[in-house]
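> Each number in our numbering corresponds to the 1-based position in the sequence shown with 710 added.
Beta carbons are placed, not taken as given, at the ideal position from N, Cα and C, and that holds for glycine.
One structure is given below, represented as structure tokens, and several questions about it will come after.
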Amino acid sequence: MLERKEYLDRLKKWKDKDLIKVVTGIRRCGKSTLFELYIEYLKSIGIQDNHIISINLENPDNEFNNYKELYQFVKGQIKDNNQHYVFLDEVQNVQEFQKAVDGLYILKNVDVYITGSNAYLLSGELATLLTGRYIEIKMYPLSFKEYLNYYDKKADERLYVDYINRSSFPYALKLEEKSEIDDYLDALYNTIILKDVAQRRRIADTSMLRTVAKFMFDNIGNCLSIKKIADTLTSDGRSISVHTVENYLDSLVECFIFNKVPRFDVKGKHYLQSGEKYYATDVTMRYAILGRRNLDAGHILENIVYLELIRRGYKVYIGKTAEKEIDFVAENKEGFTYFQVAYTTREPSTLERELAPLQDINNHYPKYILTMDIDPIADFDGIKKINVLDWLLDKK
């Protein structure tokens, strides 16, 4: 098993705290393996097997008709007053699961951990029922740094290309041929579309759902409006309403295939209501839909940078200043950091274009241009140009 140290350390941090630990993330990003690793850790510090209750709710052997059956089953395994650790994997598969989770949470000697492959897990009744009583750990497929650690190699452009071709899903590390990886991604994509989106949202027209998803994968990093998407698809002969596009997009974001990034007016310091962008949780999943042709290296790199920013805990926006756009405005408790992303800025005109939006910002927060150029760090009146691979590895 590939150890996901960052996530494992977070579970250790919250051990025995009076909070439900909720691990969310796209299907097959490693949530179940994380639980296995954490259970190994619990055993290593002396927790006995009969005080660890782990149930994978996607396993047909663990089918429960309702939350009451699940609750009674778990409660029946609690034999004494010592602390018990309960793990419910893919808990959304049980109807009204939140009631079972709430019932287990209020037991004095139970530490509850759950996973889910859908953002609905925390957007519905569970969030209302357990406000202030849970901590969410958002899990993503492998970062570039984790990918390199697995192979114990140093970063270079060739390994970056391997990373964006192989896939960031952990299981893909076991696959050698591109055809095997593509088949795996295709199967995973179909499972998410049919099980996590169409089935839960009761979407009958899965063909149109796939059409919208294909359009989104083909437009990673482009400013889009729901009306523009509807108009484009309709002009291509697939008539679809704005309401239907909005519903499908919400579903694709909810199951973590895409991440919606709103726009932010840097000077006016307010959010804008249109022109948001969408980035994929795994860029290689587009190969299952579009094939490996017409690879847009610039937008793929943007996508990788976006994912790294949210892994690091930033809130991320697309920045607007006058008529110019800033690729990413990243916000945390220390304030803002501004990023432009370009595959190369060796051409003076390209460098000038990337500098311009950052030069329009009149504050002292950090500003960076991230590129694949192998150059010394450059400083343009406070705007630093650095190698993106060094940045991905968090090199100071």
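Check for me: the alpha helix (DSSP H) holding Pro1086 runs from which residue to which?
Premise fails: Pro1086 is in no alpha helix (DSSP H) and is neither H nor E.
> Helix, strand or coil, according to DSSP, for Tyr861 in the structure here?
Note: Tyr861 maps to helix in three-state DSSP.
> I'd like the span of the beta strand (DSSP E) that includes Arg973, first residue to last.
Its beta strand (DSSP E) spans residues Phe968 to Asp975.
> Alpha helix (DSSP H) containing Thr901: first to last residue?
Note, Thr901: alpha helix (DSSP H), Lys888 to Thr901.
> Can you list, in chain order, the stretches of the beta strand (DSSP E) that have 3 or more residues and sit fully within the segment 781-853?
You should have 794-799, 820-826 and 844-848.
> Taking Cβ positions, are Leu840 and Val804 nearer each other than 7 Å?
No, Cβ-Cβ distance for Leu840 and Val804 is not below 7 Å.
> Suppose you measure from the CA of Ser917 to the CA of Lys1043; what does that come to, to the nearest Å?
Approximately 43 Å, taken between the alpha carbons.
> Compute the beta-carbon to beta-carbon distance between Trp1101 and Leu1080, rounded to the nearest angstrom, for a pair I have assumed lies under 8 Å.
So it is a contact: roughly 6 Å between Cβ atoms.
> Pick out whichever of Val1015, Ser1059, Val976 and Ala882 has its Cα sitting closest to the Cα of Asn1072.
It is Val976.
> With 16 as the cutoff for other CB atoms within 10 Å, does Gln787 come out buried or exposed?
Counting Cβ neighbours within 10 Å, Gln787 comes out exposed, since fewer than 16 surround it.
> Measuring CA to CA, which of Val801, Val1039 and Leu1005 is closest to Asp928?
Comparing Cα positions, the closest option is Leu1005.
> For Asn1097, write down the residues that DSSP places opposite it in a beta bridge.
Asn1097 pairs with Thr1081.
> Taking C-beta to C-beta, are Pro851 and Asp941 nearer than 7 Å?
Not a contact, by the Cβ cut-off of 7 Å.
> Name the DSSP bridge partner or partners of Lys723?
Answer by DSSP bridge pairing: none, since Lys723 is not bridged.
> Can you tell which of Ile1036, Ile999 and Arg1003 has the C-alpha that lies nearest to the C-alpha of Glu1012?
For the residues Ile1036, Ile999 and Arg1003, the minimum Cα distance to Glu1012 belongs to Ile1036.
> Just to confirm the assignment, what range does the alpha helix (DSSP H) spanning Gly1008 have?
Gly1008 -> alpha helix (DSSP H) spans Ala1007 to Arg1021.
> Under 8 Å by Cβ, that's how I've got Ala1040 and Asp892 pegged, so tell me the actual separation to the nearest angstrom.
Wrong, their Cβ atoms sit about 33 Å apart, outside the cutoff.
> Suppose you measure from the CA of Glu837 to the CA of Leu831; what does that come to, to the nearest Å?
According to the sequence as given, residue 837 is Ala; it is not Glu. Using only the alpha carbons, I get a separation of about 8 Å.
> In or out: Lys731 buried (at least 16 other Cβ within 10 Å) or exposed?
It counts as buried.
> Opposite Tyr1027 in the DSSP bridges: which residues?
In the DSSP output, where bridge partners are listed per residue, Tyr1027 has Val1039.
> Could you have a look at Thr734 and say whether DSSP puts it in helix, strand or coil?
If DSSP states are grouped into helix, strand and coil, Thr734 belongs with the strands.
> So, does the segment 755-775 touch the segment 791-808, judging by three or more C-beta pairs under 8 Å?
Output reads yes: the segment 791-808 touches the segment 755-775.
> Taking C-alpha atoms, which residue in Leu1019, Pro1076, Gly1008 and Lys818 lies nearest to Phe854?
When each option's Cα is compared against that of Phe854, the closest is Leu1019.
> With distances taken between CB atoms, is the gap from Lys987 to Ile950 smaller than 7 Å?
No, these two residues do not count as a Cβ contact at 7 Å.
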